[in-house]
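Each remark here refers to the structure printed beneath this line.
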Amino acid sequence: MFPAQGWGQLLPLLLVFCLFRSAFTVKHEGFKTCEQSGFCKRNRAYADNVATLGNSWTSPYTLFSKSLKIDNGYITATLLKSLGEGVQSVELSLMITFLQSGAARITVDEKKRRQGEIELRHGSQARKERYDEASKWAIVGGEKLDKSAKADTSSKETVVNYGPNNRYRAVISHSPFSIDFFRDDQLHVKLNGKGLMNMEQWRPKVEKPDIKEGEDSKEEEQSVEQGEDESTWWEETFGGNTDSKPRGPESVGLDITFPGYEHVYGIPGHASSLSLKQTRGGSDAYEQPYRLYNSDVFEYEMDSPMTLYGAIPFMQAHRKDSTVGVFWLNAAETWIDIVKRKVSSNPLSLGIGGKTDTETHWFSESGLLDVFVFLGPTPKDVISQYSELTGYTQLPQQFAIAYHQCRWNYVTDEDVRDVDKKMDRARIPYDVIWLDIEYTDGKKYFTWDAHTFPDPLGMEKQLDSHDRKLVVIIDPHIKNEGNYLVVDELKSKSFGVKNKDNNLYEGWCWPGSSHWVDCFNPAALEWWKSLFTYSSFTGTAANTFVWNDMNEPSVFNGPETTMPKDNIHHGNWEHRDVHNINGMTFVNATYHALLAREPPASRRRPFVLTRSYYSGSQRLGAMWTGDNQAEWSHLAASIPMILTQNIAGFPFAGADVGGFFGNPSKELLTRWYQAGAFYPFFRGHAHIDTRRREPYLAGEPYTFIITQALRLRYQLLPAWYTAFHAASVSGVPILQPHYYVHPSDEAAFAIEDQFYLGSTGLLAKPVVTEGAETVSIYLPPGETYYDYFTYSTHVGSGSTIAIPAPLDKIPLLMKAGHIFPRKDRPRRSSGLMRWDPYTLIIALGSNGEAEGDLYVDDGESYDYEDGAYIHRHFSFSSSTLKSSDLSADTDMSKPSKKRKAYLTAMTAVRVEKMVVIGAPMEWKGRSEVKVEEQGAKQTRTVEMKWFQGDGGAANWAVIRDPGMEIGKGWTVKF
Amino acid sequence: MRSPYFLLLSGTVARAIVAAEAPRPRGVGPEFAKYYKDSETFTCISAPSIHLSVARLNDDFCDCPDGSDEPGTSACAHLSPLSPAFLGSTPSDDLDTTTALPGFYCKNKGHHPSYVPFTVVNDGVCDYEFCCDGSDEWARVGGVKCEDRCKEIGKEWKKQDEQRQKSLSNAAKRRKEIVADAERLRKEVEDRLQSLRTEIQGGEMKVKALESDLAEAERQERSKVVRSPKELSKMGLLAQLAKDRTEELRESLVEVRVQRDTGKERIAELEGILSTFKEEYNPNFNDEGVKRAVRSWEEYAARDKPALGDDAHDRDLDEIAKPDGETGAIKWSEWEEPEESDVGVLYKFAAYLPTTVRDWLDQKLRDFRVILVDNGILAATHSPDGESKGLADARNALKAAQDSLNENNKQLNTHQEDLDKDYGADDVFRALKGQCVSKDSGEYTYELCWLDKTKQKSKKGGSQTVMGNFVSVERILVDDEVPPDGKGLGSGERVALRYGNGQHCWNGPNRSTLVVLACAEKDEVWKVTEEEKCVYRMEVGTPAVCGVGEKREERPKDEL
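Now the structure itself:
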């Protein structure tokens with residue numbers, strides 16, 4: 001087409017190519033690559049240097065044996081970082097603690113800075129210590145020391161046996177310093193095994209042309225650091241913003257190797273795969289390390305290690321029958337490189353047939369080196385150890401796990417009332433309607449636009465009449481405008497974040513010029529509470545809850561759309577030190593403010609949705625994956641993203657159903673609702689420029705199919721609530737990926753598009769492609785599954801099978817051997833299902849057994865803490881179904897008043913139906929079962945009908961109205 | 001074991017049924033009573049093969065595939081195509097699972113009875129709006145007690161209904177007046193049409209007469225062959241034409257160049273603005289429009305730019321634009337010299353003839369020429385001195401007559417179109433056209449001008465925005481509730497006015513409005529909503545549509 005006529009012809013083509021490239025990478029312009037982030041570049045260079053030197057490299061860190069102190073459950077020592085011969089080493093303080101849960105914690109601090117013996121540049125007001133308060137925000141438990149840990153030390157190494165039955169062993173090599181972790185004599189985790197440990201000590205800046213000043217240090221610098229590239233030590237400029245870096249270089253880095261482990265998971269949030277990819281070469285590798293630096297990334301791209309809105313620096317490594325994990329407790333900007341190295345025979349992996357080692361390299365810009373090691377052996381063990389430290393998922397109110405209807409924006413209170421009525425007319429259940437920023441008077445939070453929302457209380461009353469809720473958005477940027485009480489108080493009380501000169505920081509966000517509330521400040525927290533009282537935030541009622549957005553924080557004119565790193569928070573910590581925790585402190589403030597709205601006796605559980613999060617945010621509410629797009633690729637990506645949240649201790653996660661930006665086709669919208677019905681947090685949301693897409697607008701057959709998906713969610717709410725309860729007491733994921741449920745099924749460790757709902761055995765594989773008529777679902781060998789809707793039977797063989805998935809069908813299977821509860825009566829909201837009877841679904845295993853749980857409480861208060869709940873275990877074996885009590889012993893032996901009242905009220909709720917799938921042939925012809933209830937004098941007989949499944953479907957039996965009270969113990973004999 | 005409370009109530013139901021005859025089972029409407037008469041057995045309404053003991057009626061368990069055994073509970077509420085598919089007590093393939101009953105029957109004594117969906121039965125909420133006697137919450141779940149409020153609700157409804165009826169009859173009267181107005185207006189148009197037709201007939205005759213006058217005058221004119229002082233040869237004529245044309249082109253070229261240069265400057269300025277815009281915009285304002293603009297700009301900038309002319313080209317143009325004087329490229333004067341023409345030769349020849357012969361020949365030649373001209377063989381010569389006054393007058397008279405005729409024809413068409421146009425039933429909107437109604441709503445004042453425009457004006461200042469220009473009268477189906485004050489669309493077919501192609505929306509389409517009408521005593525905009533970005537819906541009451549294909553609900557809708 002283009003005859004070659006020399007460069008003249010080619011030039012425009014080249015130009016076009018360049019422009020196109022820049023068009024594609026426009027999203028990146030605002031965010032740093034590793035090359036552009038000084039400490040990332042330095043630590044990668046450090047790793048490269050070590051790799052180049054190979055065996056001739058020795059890590060400069062040594063444990064000073066004489067300083068070693070061993071106590072009950074912990075070790076302290078001085079680490080020396082050698083700066084070369086004849087130069088005084090840098091003294092670091094090391095502390096290793098062994099916790100009762102079996103976790104080990106390694107903390108390294110810099111003595112000089114701890115003692116304040118350093119100078120800050122530019123007269124900075126910031127603290128001299130390394131930030132040591134991340135644990136104050138992230139850690140809430142599990143810190144009890146394992147006093148049975150036993151240590152033996154020699155001059156070369158210290159060996160500590162610890163953990164349950166002393167199964168674990170830490171071998172601490174003194175010189176160079178490294179730690180190997182063993183479980184049952186097998187090596188599982190190595191710290192500094194590759195010698196990438198790097199703690200950049202404080203140093204004075206030596207002004208090159210000025211020779212006179214600081215002679216001594218200059219000599220030191222010259223001898224040691226001569227030739228080092230100082231270009232990223234001091235000021236760093238990016239996108240027109242300069243970071244003054246008053247403390248110079250101060251990063252911390254460490255390599256963590258998992259010998260014999262091929263898969264690592266975790267470290268959300270990224271739009272990436274469940275099983276993490278390599279970042280330094282290799283097949284399908286990313287070029288950049290995984291980055292954790294909470295950011296408002298506009299139109300984020302798929303399949304990328306680029307940072308997103310939240311950060312959980314918790315990683316699991318998994319291999320057949322073994323899971324271990326690490327938690328890197330640091331709130332500063334963090335990057336993680338991942339290399340999977342094939343090893344033919346690995347002398348270190350002691351007997352594990354040499355396979356693949358996963359080598360990870362972690363580095364953060366500032367703060368302590370503080371890392372937890374968990375030795376498993378199951379995914380559940382690792383997650384529960386991590387969750388014990390950082391806290392469990394909040395047990396949400398019932399409504400919070402039902403369907404949320406959101407849009408930017410419902411424009412008037414009339415509009416809200418209208419949508420509410422239309423959902424009812426279309427018989428579509430929903431629980432919550434949301435208001436984005438436009439409800440406010442000029443983006444001033446805690447106010448209402450008087451023109452568009454003249455009667456918020458009337459609107460909330462209408463919602464409340466069907467037990468529905470309103471969620472309003474409150475962001476951390478406070479509009480800087482006269483006659484606005486909130487900003488006046490923030491200024492006068494000095495509750496805002498400060499800039500590097502210690503003056504109130506000003507930036508731009510939705511309202512224009514704004515200030516940011518500093519929720520690190522306890523006094524600001526108290527003030528924040530006062531803003532949410534019903535008398536202060538007028539127009540809100542008990543059914544009003546809150547959405548915290550933009551809390552990364554998003555600052556439109558800031559570096560990387562956030563705050564300058566040299567901003568100053570309460571306690572004079574630099575923003576650099578606390579950035580990734582910042583979003584969590586804001587949600588924390590809102591959570592406590594909502595809690596304080598009611599007097600202590602009638603407290604109700606807060607609901608807060610957050611965009612930014614950190615380890616520990618799970619205690620405070622739900623998160624969503626931010627501003628996605630109405631595209632099939634985003635629907636597909638939502639599943640691994642949400643699964644990653646689930647195995648990283650923050651399972652109350654969702655993605656905007658329908659996609660935030662753009663208009664979804666009706667098919668995409670329908671499929672998204674079908675997938676969303678399996679998101680722990682289930683909210684439809686849309687950008688202001690998109691067409692309306694409330695479910696009743698889709699038209700037939702779409703509205704019917706979407707309503708079926710919504711009703712399926714509501715039908716399964718008892719199972720969802722039970723799964724949330726389990727997460728709230730043990731950290732078990734609500735959505736469980738394949739490797740979690742089948743840790744031995746090696747072939748399927750990377751599966752990321754199908755998952756189980758809690759312990760129900762329900763296996764869902766949402767359709768995420770256009771025009772699908774079937775989906776391929778992987779079934780592990782030997783397991784039996786029944787189709788949820790048709791009872792068709794599938795027996796797994798360790799490969800995928802195709803199951804039908806026309807538009808009106810959600811691929812959903814029941815794993816044999818499980819029992820789960822349902823409520824089958826469609827209602828307008830979940831609150832109105834409270835008194836409805838239960839249906840129990842019993843999917844019998846091939847051994848004729850099955851089991852499952854039910855947890856239920858009032859779904860809103862804290863009365864469950866006083867025993868006002870029902871917790872049952874159902875088990876089917878030897879033709880008998882039994883309901884036994886899982887309540888805490890104390891609640892059973894000494895029931896509180898509240899428990900008694902609750903259980904009395906719940907006597908009205910019965911089991912109306914039981915369906916046994918895989919019902920044995922012997923039952924054919926039988927017509928009744930015997931019911932024996934706790935406290936009843938006689939057994940009752942109840943009608944049973946047996947049905948023969950046809951066309952590959954399992955046989956099933958229906959027990960008609962067995963009528964047992966859900967809260968009581970009973971047995972049913974088949 | 002169910003709670004004793006629950007059993008007690010079930011017992012009551014059972015007793016009520018056994019007590020027989022008179023009372024129907026709970027929730028059964030009178031039209032279905034016949035199915036529930038048997039005192040021992042109940043047969044599922046749409047599945048006659050299934051017989052149940054009456055004890056299973058309203059026992060809060062769904063036995064019939066059509067739900068007919070549970071008219072008074074929510075046990076069969078899940079039977080709906082809106083529910084997830086399930087396999088229950090019956091293999092569903094061979095049985096009719098369409099629900100047999102429209103809902104739970106509320107007697108609502110003192111008001112109108114109604115059916116409410118089974119999904120709201122015993123859910124703990126008193127749905128007085130539909131079930132004023134509170135009977136939907138008979139089981140008192142969670143302790144809810146819904147007392148009978150039919151007396152007050154019924155009374156209030158009656159009061160309002162009287163008001164509504166009064167208002168409706170007023171509206172009907174008012175509509176008659178409007179229709180009368182419309183008829184009068186239509187008559188006016190028809191009358192005007194009639195007179196126009198007459199005028200046109202006259203005009204046509206006049207034009208015909210003037211045409212023949214003109215033809216005669218022209219004939220006269222043509223016969224005057226006057227030798228023009230400076231007859232040009234064909235080449236000369238061509239040169240003359242070419243010169244004029246070239247001059248014209250040159251002027252246009254100069255003008256176009258000026259326009260081009262201004263255009264170029266403006267493009268450069270715009271590209272400057274856009275590239276600064278691209279540099280400086282903040283991608284985090286999450287404004288799709290801005291993003292789209294930036295993307296389009298990048299694509300535009302990446303495209304191979306058409307050469308907008310270089311200096312060499314411009315120099316060429318400069319050269320071309322120079323007038324063709326003596327130094328110019330073409331010396332027109334060389335080409336314009338008159339040559340001997342055919343007629344000229346004749347004259348020359350004639351000069352040698354005797355006068356009489358010459359006169360005769362002259363006459364013959366004139367006639368011959370006229371014949372040639374008339375038959376299109378020879379071109380008529382136009383003398384540079386113009387035509388005679390007589391001819392001009394004839395021509396002008398004809399033109400005036402033609403113009404007047406055309407004008408009349410145009411008016412005829414306009415009026416005819418207007419007459420054929422859809423002004424709704426009974427031509428009613430003819431009377432309202434151009435009148436406006438406005439409404440204050442939150443941030444905006446909205447205005448509806450009948451068959452003209454819909455408009456919006458922000459109270460926060462700013463100019464008026466056109467939300468649409470009238471396109472057509474339509475009919476649409478609506479399904480809305482009518483509030484007690486009657487200001488609502490209700491259900492069924494309604495007249496709607498479509499307004500399209502309004503002011504363009506930033507980030508969106510051209511604004512448009514669908515004005516949906518329902519009968520009311522006076523013109524009033526009830527509600528304005530923005531259904532989608534810049535797609536508006538106005539709900540408007542007007543007497544104009546009273547009784548026009550709309551059947552208003554007698555009472556609030558039975559079901560939710």
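These protein sequence lines are chains A and B, in that order. The first sequence begins at 1 in full-length UniProt numbering and counts up by one. The second sequence begins at 1 in full-length UniProt numbering and counts up by one. Beta carbons are placed, not taken as given, at the ideal position from N, Cα and C, and that holds for glycine.
Chain A residues whose Cβ lies nearer than 7 Å to that of B/Glu532
Translated into positions along the second sequence, residue 532 of chain B becomes position 532. Under the 7 Å cutoff, chain A gives Arg691 and Arg692.
Mind checking which residues open and close the beta strand (DSSP E) that includes A/Phe64?
For the purposes of this step, residue 64 of chain A is identified with residue 64 of the first sequence, where counting begins at 1. A/Phe64 -> beta strand (DSSP E) spans Tyr61 to Asp71.
Per DSSP, what kind of secondary structure is A/Thr412 in: helix, strand or coil?
The sequence position of residue 412 of chain A within the first sequence is 412, counting from 1. It is coil, neither helix nor strand.
Would you verify that the beta carbon of A/His634 is, or is not, closer than 7 Å to some beta carbon of chain B?
Against the first sequence, residue 634 of chain A aligns to sequence position 634. Judged by the 7 Å Cβ criterion, A/His634 is not in contact with chain B.
Give the residues of chain B in contact with A/Trp956, contact being defined as C-beta atoms less than 9 Å apart.
Residue 956 of chain A sits at position 956 when you count from the first residue of the first sequence. Near A/Trp956 (Cβ distances below 9 Å), the residues of chain B are Leu87.
Quick check on this structure: which residue in A/Tyr439, A/Ser612 and A/Thr58 has the alpha carbon closest to the alpha carbon of A/Trp408?
Within the first sequence, the letter at position 408 stands for residue 408 of chain A. Selected option, being the one with the closest Cα: A/Tyr439.
Given a limit of 7 Å on CB to CB distance, which residues of the segment 900–921 of chain A reach chain B?
Thr907, Ala908, Arg910 and Glu912
Would you call the CB atoms of A/Leu191 and A/Leu643 closer than 7 Å?
If you number the first sequence from 1, residue 191 of chain A lands on position 191. If you number the first sequence from 1, residue 643 of chain A lands on position 643. No, Cβ-Cβ distance for A/Leu191 and A/Leu643 is not below 7 Å.
Going by beta carbon distance, what residues of the same chain come within less than 6 Å of A/Phe520, once the five residues before and after it are set aside?
Start at 1 with the first residue of the first sequence, and residue 520 of chain A comes out as number 520. Closer than 6 Å at Cβ, skipping near neighbours: His569, His570 and Thr585.
Output the boundary residues of the beta strand (DSSP E) element that contains A/Gln405.
Position 405 of the first sequence, counted from the first residue, corresponds to residue 405 of chain A. It spans Tyr403 to Gln405 - the beta strand (DSSP E) in which A/Gln405 sits, taken as one unbroken run.
Return yes when the Cβ of A/Lys765 is within less than 7 Å of the Cβ of A/Pro804, no when it is not.
The residue given as residue 804 of chain A occupies position 804 in the first sequence. The residue given as residue 765 of chain A occupies position 765 in the first sequence. Going by C-beta atoms, A/Pro804 is not nearer than 7 Å to A/Lys765.
What are the boundary residues of the beta strand (DSSP E) that includes A/Met906?
As a first step, residue 906 of chain A is located in the first sequence; it is residue number 906 there, counting from the start. Taken as a continuous stretch (DSSP letters only), A/Met906 belongs to no beta strand (DSSP E), as it is neither H nor E.
Per-residue burial, A/Lys245 [other beta carbons within 10 Å of its own, 16 or more giving buried]
Along the first sequence, one-based indexing puts residue 245 of chain A at 245. Per the 10 Å Cβ criterion, buried.
Rounded straight-line distance, which links the Cα of A/Pro826 to that of A/Ala686
The residue given as residue 686 of chain A occupies position 686 in the first sequence. The residue given as residue 826 of chain A occupies position 826 in the first sequence. Near 26 Å, if we compare the C-alpha coordinates of A/Pro826 and A/Ala686.
By Cβ distance below 8 Å, which residues in the same chain neighbour A/Glu928 in space, the five residues on each side in sequence not counted?
Position 928 of the first sequence, counting from 1, holds the residue named residue 928 of chain A. The residues are Thr941, Val942, Glu943 and Met944.
Of the residues that make up the segment 426–450 of chain B, which ones have a beta carbon closer than 9 Å to any beta carbon in chain A?
Ser441, Gly442, Glu443 and Tyr444
Contact set between the segment 780–796 of chain A and chain B, restricted to residues whose Cβ is under 9 Å from the partner
Tyr788, Phe789, Thr790 and Tyr791
Short check: CB of A/Val326 to CB of A/Ile267, under 7 Å?
Within the first sequence, numbered from 1, the residue matching residue 326 of chain A stands at position 326. Within the first sequence, numbered from 1, the residue matching residue 267 of chain A stands at position 267. No, Cβ-Cβ distance for A/Val326 and A/Ile267 is not below 7 Å.
Do A/Ala332 and A/Tyr614 have their C-beta atoms within less than 7 Å of each other?
As a first step, residue 332 of chain A is located in the first sequence; it is residue number 332 there, counting from the start. As a first step, residue 614 of chain A is located in the first sequence; it is residue number 614 there, counting from the start. Contact flag unset, no.
Identify which residue in B/Asp66, B/Leu405 and B/Val256 has its Cα closest to the Cα of B/Met205.
Position 205 of the second sequence holds residue 205 of chain B. Nearest C-alpha to B/Met205: B/Leu405.
Classify B/Pro543: buried if its beta carbon has 16 or more other beta carbons within 10 angstroms, exposed otherwise.
Taking the second sequence and counting its residues from 1, the one referred to as residue 543 of chain B is at position 543. Counting Cβ neighbours within 10 Å, B/Pro543 comes out buried, since at least 16 surround it.
If I follow the unbroken beta strand (DSSP E) through A/Tyr756, where does it start and stop?
Numbered from 1 along the first sequence, position 756 holds the residue referred to as residue 756 of chain A. Phe755 to Leu757 is the span of the beta strand (DSSP E), which, as asked, contains A/Tyr756.
For the beta strand (DSSP E) holding A/Gln736, just list the boundary residues, first then last.
Indexing the first sequence from 1 puts residue 736 of chain A at position 736. Segment Leu735 to Pro737, the beta strand (DSSP E) holding A/Gln736.
Cβ distance (whole Å) where B/Arg321 is taken to contact B/Val254 below 8 Å:
Within the second sequence, the letter at position 321 stands for residue 321 of chain B. Within the second sequence, the letter at position 254 stands for residue 254 of chain B. For the sequence presented, residue 321 of chain B should be read as Ala rather than Arg. Indeed, because the Cβ distance is near 5 Å, the residues count as touching under 8 Å.
What does B/Asn507 touch in chain A if you count any residue whose Cβ is under 7 Å from its own?
Residue numbering aside, residue 507 of chain B sits at position 507 when the second sequence is read from its first letter. The contacting residues are Asp689.
Using a C-beta to C-beta distance shorter than 7 Å, which residues of chain A count as neighbours of B/Pro65?
As a position in the second sequence, residue 65 of chain B is number 65, starting the count at 1. Near B/Pro65 there are no residues of chain A at all, since even the closest Cβ is about 13 Å away, more than 7 Å.
So within the segment 683–744 of chain A, which uninterrupted beta strand (DSSP E) runs reach at least 3 residues, ignoring any that extend past its ends?
735–737
To test your reading of the DSSP string, which unbroken alpha helix (DSSP H) runs of 4 or more residues are found completely within the segment 370–434 of chain B?
389–420 and 429–432
Tell me the rounded alpha-carbon separation between B/Lys291 and A/Trp672.
Residue 291 of chain B sits at position 291 when you count from the first residue of the second sequence. Residue 672 of chain A sits at position 672 when you count from the first residue of the first sequence. In a straight line, the C-alpha of B/Lys291 is about 25 Å away from that of A/Trp672.
Which residues bound the beta strand (DSSP E) around A/Ser384?
One-based indexing of the first sequence puts residue 384 of chain A at position 384. Unbroken run through A/Ser384 is the alpha helix (DSSP H), Pro379 to Thr390; no beta strand (DSSP E).
Between which residues of its own chain and A/Asp518 is the CB-CB distance below 7 Å, once the five residues before and five after are set aside?
As a working mapping, residue 518 of chain A is identified with position 518 in the first sequence. Around A/Asp518: Phe495, Gly496, Val497, Ala524, His569 and His570.
Using a Cβ-Cβ cut-off of 7 Å, state whether A/Thr97 counts as contacting chain B.
Looking up residue 97 of chain A in the first sequence gives position 97. No, A/Thr97 lies away from the interface with chain B (no Cβ there is under 7 Å from its Cβ).
8 Å CB neighbourhood of B/Leu412 in its chain, flanking five on each side removed
If you number the second sequence from 1, residue 412 of chain B lands on position 412. Contacts found: Leu193, Leu196, Arg197 and Ile200.
Name the two residues that bound the continuous beta strand (DSSP E) containing A/Asp357.
On the first sequence, position 357 is the one that residue 357 of chain A refers to. Note, A/Asp357: beta strand (DSSP E), Thr356 to Ser364.
Return no unless some Cβ of chain A is closer than 7 Å to the Cβ of B/Pro84.
Your numbering for residue 84 of chain B matches position 84 in the second sequence. Interface residue, yes.
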